[in-house]
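Undergrad: Pasting in a structure now, in C-alpha cells, and then I'll have a few things to ask.
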Amino acid sequence: MRNIIILSVAIFVFACKGENQQEKEHQYTNKLIHETSPYLLQHAHNPVDWHAWNDKTLKKAKQEDKLMVISVGYSACHWCHVMEHESFEDSLVAQVMNEHFVNIKVDREERPDVDQTYMNALYLLNNGNGGWPLNIVALPDGRPIWGSTYLPKEQWMSALKQLSNLYKENPDKLLEQANNIQKGVESFDMIALNTEAPVFEITDIENAVKKWSTRFDNQFGGLRSTQKFMMPNNYHFLLRYAHQNKDDDLLEFINLTLTKMAYGGIFDQVGGGFSRYSVDEKWHVPHFEKMLYDNAQLVSLYVDAYLLTKNNLYQQTVQETLAFVKSELTTQEGAFLASLDADSMNETGELEEGAYYIWTKEELQTLITQDFDLFSDYYNINNFGFWEKGHYVLIRKAHDEDLANKYHITQKELHETVKNWKLILKDARSKREKPRLDDKILTSWNGLMLKGYVDAYRVFNNTEYIETALKNAHFIKQKLIREDGGLNHTYKEGTSKINGYLEDYATVIDAFISLYEVTIDENWLNTANLLMQYTFNHFYDDARKMFYFTSNEDNALISRNIEYRDNVIPASNSIMAKNLFKLSHYFDNTDYTKTAETMLNNVKPEMQEYPSAYSNWYDLMLTYAKPFYEVAIVGNDALNKINKLNKTYIPNKLIAGSTQENSMPLLENRYNPEKTLIYVCVNKACKLPVSEVDDAIKLIKQ
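Mapping of the sequence shown onto this note's numbering: residues -4 to 697, in sequence order.
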C-alpha cells in the first residue's frame, strides 16, 4: 500500500523499571503509573503521554478526533526496549506523538486479544511479516491504517508526520485503507464449518510428516534456519508419531534435536532453564530472556522423551529446568511468574544483553583452577563456543562417554566434576546483578507450568513436584476462578483482573485433567468440566463449532477472532478440542465427542499446507487414526498401579481410577474390595480385566 513505511524486525528480550520509584525522581509521569504490568510501568516515565488500553482511552481518541498510536510489546522484548530508549524517551519524538496522536501502550501478555487483532493487521500491511514491538497507527475508531515493528527514531518520526498530515489533508484515503484492512483482519482467522463427513486416516499424517521432514536440519536438529525456535509442541507430536508409527529415523531426528537443544547455549548450562530462541543454527547464542511458557512446555516434552528413551540427559534437563523455575519464577503462594529479562548490568554498569550469562576466558581460567583443558573441551571455550567481544556462551558438543574416554576418567567422575563446575560458576554469577523479573501471573501460562510439574511427577515420582503442582492448582482455584465460575487472566499484587481468554480455560482444563490422572482426585476433573461448560456458554460459536478467543462478555475489538493455528503455544482451539475428547470419555458426553471431531474436521483442509502450524491438531488426528485406550484402574491399590503404568510411554491413553465404588462411566460397577483390577478399553469396549500392570501393557501393545 502507498504511503506506508514497512520494516520488519522480530527479536525479543525484557526491559522494565521498578514500580516503587517515586514520581518526584522523574521529569515525566504518564497514565501508565497506575498500571501493574511491569512492561507498562517501564514506560510510565516516558515523555510520551502514554495511556493504557481501556474504554476511557478509546473514547478520548474519538472525542478529540485523533489518530491512535497503539504500541504493543512485552517486558522480555529486546527491540521494544531499544525503541523505547531511542524514540519514546526522546522529547522531540514525544512532542510529535502527544500533539497529533492518542498514544496507547499495550502489554501483549495482559491483552493477547489486542495483540492478535493488530498483529493480523500488521501481517496484512507488511507482506506477512510481524514481530514486536508491534506499532500500529489507527483511526479514532480503532481501525488500523499503518503498522511496523521496530523503527529507528528518524523513520518513526517521518512515518508519524506523514500519517498526521495525510489524516488532515486526505482523510478519505485513510478511511478507504482502514476499510480494506478491516475486511482483511476479519477474514484472517475465518474458518468455515466443514460439512464433509470426518475421515481421519494415518496416511494424512504420514504425508504431512513427510512434507515436514524436508525442512529438518539433520546436523543440529530443528528446522533449517538461521534462527532456531524450539516449538515444543511440534516435537511432542513428532515423538508420539515416531513411536506409534515405528519411525526410527524420525525418532533419531527428535533425539538429535532435543540433545542439541539441551547442549546449546539456549539452555542455561549453569543455572538451568531455556531462553526464548537462538540467533544461530546450532542453538548456541540465544536472546537471553527466559519465558515461563517455553520452560513449562519443554519440561513436558523432555519428560516424555525420557520416558520413551530413558536418556539421562533428558531427566537432567527436566530437573535443572524445574530447579530454575522454583528458584526464579515461583511465588510463596505457589504461582508462577512470567519471565526473566535478557538484559542485565555489565561490569561498567550498563544494561547489556546476556551480561548475566556470558564469560570471558580469563574469568573462567580464574574460577576453574583445575582441569581447565577438560572444562574447555566440555563447554567449548574455543571458536565453536565464542560469541563476541571476547565473550563465550557455554555450549556442549561431545557426549559424556567420548570426553570421559579422551581424558581417561569414568563418566561418574566426569559428572561429579561438571557438578562442581556448575557450583563454582553459579556462585560467581550470583555476585552479578540478576536479570529483572516480570512478576505478573498469567493464568494460561500457569496452566502450562502446572501440567509440566504434573508430567514430571508422573514419570519421576518426586514428591516435591506433585506438592508444587497441587499448590499451584489450589492457587488457581482460589485466586483466579471467580464466583461466577469464570477465570481471570492475570494476577498481581493480590488482585486478579482482566476477564479470561480462551487460552486460560484451555491450558487450565488440560492441566486439571492431567492432575486428576495422577491423583485420581475427581475434584480436579469436575472443575475441568465446569470450566468447559463455562466456555460453551461464553466462547462457543454454534454456527462454526469453534471457540472464539474472547468471551461474549468482553467489548468487541475490530474483529472477534478464532485462534486455531498452533504456534509456540498451541492454539487455544486445538487444546480445547483435545480437552473435549478426553472429557467426553470421562463423562460419556456425546456433545463433547461430536464437537471435538467437528473442530478437527474444520481445520483439516488447511493442515497439509503447513504441517508444523497444526502439530497439536495432528496429535489429535493421531488419536482418531490409531487406537486410543481408556485405562480404568479400580481397587485399593489403584494409585500404585497407576504409578507403575505411568513408567511406560503410552501417549494414546487416558487413565481413570478409584479406590472405592465410583459412578463415573468408566469406573461404574468395577470396584472389587478383594483386588485391584485394570480394564483396558477402546471406545467403551473393554477387554477382560487383569490384575498386573505388565499384563495391561501387553493388552495395549497387542
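For glycine and all other residues, C-beta sits at the position ideal for the given N, C-alpha and C.
#1: Touch check for the stretch 300 to 313 and the stretch 351 to 358: three-plus C-beta pairs under 8 Å?
#2: When you compare the CB positions of residue 330 and residue 472, do they come within less than 9 Å of one another, or not?
#3: What would DSSP say about residue 242, mapped onto helix, strand or coil?
#4: Which runs of the alpha helix (DSSP H) spanning at least 4 residues fall entirely within the stretch 262 to 326, listed in chain order?
#5: For residue 676, I'd like the list of residues in its chain whose CB is within less than 6 Å of its CB, leaving aside the five on either flank, ordered along the chain.
#6: Rank 324, 556, 120 by C-alpha distance to the C-alpha of residue 498 and give the top, closest one.
#7: Do residue 299 and residue 231 count as a contact pair if the criterion is CB distance below 9 Å?
#8: By Cβ distance below 7 Å, which residues in the same chain neighbour residue 114 in space, the five residues on each side in sequence not counted?
#9: Could you name the residues of the same chain whose beta carbon sits closer than 8 Å to that of residue 685, not counting the 5 residues immediately before and after it, in chain order?
#10: Use the C-beta contact count for residue 538: other C-beta atoms within 10 angstroms, 16 or more gives buried, fewer gives exposed.
#11: Out of 35, 41, 321, point me to the one whose CA is closest to residue 20's CA.
#12: Which residue's Cα is closest to the Cα of residue 463: 117, 318, 272?
#13: In its own chain, which residues sit with a C-beta less than 6 Å from the C-beta of residue 420, not counting the 5 before and 5 after it?
#14: Keeping to the same chain, check which residues put their C-beta closer than 6 Å to that of residue 138; ignore five residues upstream and five downstream.
#15: Classify residue 573 as buried or exposed, calling it buried when 16 or more other Cβ atoms lie within 10 Å of its own Cβ.
#16: Could you tell me how far apart the beta carbons of residue 461 and residue 633 are, in whole angstroms, since I believe they sit closer than 8 Å?
#17: Which one of 680, 257, 219, 570 has the shortest CA to CA distance from residue 394?
#18: Have a look at 452, 482, 595, 587 and flag the residue whose alpha-carbon is nearest the alpha-carbon of residue 548.
#19: For residue 283 versus residue 203, is the C-beta distance shorter than 9 Å?
#20: Taking the alpha-carbon of residue 82 as reference, which of 149, 467, 240, 360 has the nearest alpha-carbon?
#21: For the candidate residues 373, 432, 434, 380, whose alpha-carbon lies nearest to that of residue 406?
#22: Let me check one thing: in DSSP terms, what residues is residue 681 bridge-paired to?
#23: Taking DSSP's pairing of strands, which residues face residue 348 in a bridge?
#24: Look up residue 45 in the DSSP assignment and say whether it is helix, strand or coil.
#25: Is the stretch 204 to 223 in contact with the stretch 244 to 254, if contact means three or more CB pairs nearer than 8 Å?
#26: Between which two residues does the beta strand (DSSP E) harbouring residue 625 extend?
#27: So is residue 227 buried or exposed if we call it buried at 16+ other beta carbons inside 10 Å?
#28: What does residue 482 pair with, by DSSP beta-bridge criteria?
#29: Are residue 620 and residue 195 touching if we call contact CB-CB under 9 Å?
#30: In terms of residue numbering, what span does the alpha helix (DSSP H) encompassing residue 176 cover?
#31: Can you have a look at residue 15 and say buried or exposed, based on whether 16 or more other CB atoms are within 10 angstroms of its CB?
#32: Would you tell me roughly how many angstroms separate the C-alpha atoms of residue 17 and residue 452, rounded to the nearest one?
#33: Out of 442, 80, 628, which one is the CA nearest neighbour of residue 771?
#34: Please state if the CB of residue 502 and the CB of residue 741 are separated by a distance shorter than 9 Å.
#35: Classify residue 26 as helix, strand or coil using the three-state DSSP reduction.
#36: For residue 86, name the three-state secondary structure that DSSP assigns.
TA: Let's see:
#1: Cβ pair count under 8 Å is below three, so no.
#2: Taking a C-beta distance under 9 Å as the contact criterion, residue 330 and residue 472 do not qualify as a contact pair.
#3: Secondary structure at residue 242: coil, using DSSP grouped into helix, strand and coil.
#4: Within the stretch 262 to 326, the alpha helix (DSSP H) runs of at least 4 residues that lie entirely inside it are, in chain order, 287 to 304, 307 to 323.
#5: If we look at residue 676 and ignore the five residues flanking it on each side, its Cβ neighbours are 625.
#6: Nearest Cα to residue 498 within the set 324, 556, 120: 556.
#7: Yes, they are a contact pair.
#8: Excluding residues within five positions, the ones whose Cβ falls inside 7 Å are 125, 129.
#9: For residue 685, where only same-chain residues beyond five positions count, the Cβ hits under 8 Å are 672, 673, 675, 691, 694.
#10: Exposed.
#11: Of the candidates 35, 41, 321, the one whose C-alpha sits nearest the C-alpha of residue 20 is 41.
#12: Closest option to residue 463, Cα to Cα, is 318.
#13: 265.
#14: Excluding positions up to five away in sequence, the list reads 173, 177, 553.
#15: Classification for residue 573: buried.
#16: Their Cβ separation, rounded to whole angstroms, is 16 Å, which puts residue 461 and residue 633 out of contact at 8 Å.
#17: Nearest to residue 394 by alpha-carbon distance, out of 680, 257, 219, 570, is 257.
#18: Distance check between residue 548 and each of 452, 482, 595, 587 places 482 closest, using alpha-carbon atoms only.
#19: Note that the C-beta distance between residue 283 and residue 203 is not below 9 Å.
#20: Residue 82 has its Cα closest to that of 149, out of 149, 467, 240, 360.
#21: Ranked by how close their Cα comes to the Cα of residue 406, the residues 373, 432, 434, 380 have 373 in first place.
#22: In the DSSP assignment, residue 681 is bridged to 676.
#23: For residue 348, which the question treats as bridged, DSSP gives the partners 338.
#24: DSSP places residue 45 in strand when its eight states are reduced to three.
#25: They touch, by the three-pair rule.
#26: Segment 624 to 629, the beta strand (DSSP E) holding residue 625.
#27: Buried.
#28: BP columns for residue 482 point to 476.
#29: Yes, Cβ-Cβ distance for residue 620 and residue 195 is below 9 Å.
#30: Start and end: 166 to 183.
#31: Low confidence applies to residue 15: its pLDDT is 36, below 50, so where it sits in the model is not reliable, and the reading given next is rough at best. Exposed, because fewer than 16 other Cβ atoms sit within 10 Å of the Cβ of residue 15.
#32: Any answer about residue 17 is weak, because its pLDDT of 38 lies below 50 and its placement is not dependable; what the coordinates show is given next. For residue 17 and residue 452, the distance between alpha carbons rounds to 44 Å.
#33: Outside the displayed span of the chain (-4 to 697) sits residue 771, for which this structure offers no information.
#34: The structure shown does not extend to residue 741, since the chain is modelled only from -4 to 697, so the question has no answer here.
#35: DSSP places residue 26 in the helix class (H, G or I) of the three-state scheme.
#36: Note: residue 86 maps to helix in three-state DSSP.
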